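Heads up, the thing below is written out as structure tokens.
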Amino acid sequence: VTILRIITAAFFIYAGFSKAIAPLRFVSYIDNFHILPWTAVPPLAFYLPWIEIACGLALLFARFERGALSILLLLTLVFVAALASAQVRGLDISCGCFGHASKDLSFASHIALDLGIVVVLLLLLRLPTRQHA
1 VTILRIITAA FFIYAGFSKA IAPLRFVSYI DNFHILPWTA VPPLAFYLPW IEIACGLALL
61 FARFERGALS ILLLLTLVFV AALASAQVRG LDISCGCFGH ASKDLSFASH IALDLGIVVV
121 LLLLLRLPTR QHA
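Going by the numbering used here, 107 is the number at position 107 of the sequence shown; the sequence numbering is gapless.
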């Protein structure tokens, strides 16, 4: 369980940093979904990576673990819905979740990866929280 938490934390910390280091690119990735008004896109692109990083660190250091898992689950479910919406509307989306490394993933690969993340987050939410000394 501890290893699963560490892997999940590292996953979201990496994902957050890959977006935080190129915020303008992430703005364009979010805007490509054509879901949000433009005025909401830059602030989301700026804050979202830091939320992922903070939640990943919370998991890593066993602080506010349930809250971090809940936020990450919500973010992942919203992303799955946005991906599905883009697919239904015929948009070819490169999400930029992991910077350049994820740009060539297919829709099916993105959905499979994200649903796997949802399963892991749900599993971690159901397990007892670690006691922090």
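Note that beta-carbon positions come from the ideal geometry of N, C-alpha and C, so glycine has one too.
Just so you know, these numbers come straight off a predicted model, no measurement behind them.
Cβ distance (whole Å) where residue 121 is taken to contact residue 76 below 8 Å: Going by Cβ atoms, the distance from residue 121 to residue 76 rounds to 7 Å, so yes, they are a contact pair.
Inter-residue Cα distance where the pair is residue 11 and residue 39: Using only the alpha carbons, I get a separation of about 29 Å.
Reduced DSSP category for residue 91 - H, G, I as helix; E, B as strand; rest coil: Coil, per DSSP.
Same chain, Cβ closer than 6 Å to residue 135, five either side skipped, listed in chain order: The structure shown does not extend to residue 135, since the chain is modelled only from 1 to 133, so the question has no answer here.
Nearest-angstrom Cβ-Cβ length linking residue 51 and residue 71, presumed shorter than 8 Å: Yes, they are in contact, since the Cβ atoms of residue 51 and residue 71 sit about 7 Å apart, within 8 Å.
Validate contact between the segment 1 to 10 and the segment 56 to 64 using beta carbons, cut 8 Å, 3 pairs: Result yes; three or more Cβ-Cβ pairs closer than 8 Å.
Extent of the continuous alpha helix (DSSP H) run through residue 9: From DSSP, the alpha helix (DSSP H) with residue 9 extends over 2 to 20.
CA nearest to the CA of residue 66, picked from 116, 127 and 3: Scanning 116, 127 and 3 for the CA closest to the CA of residue 66 turns up 127.
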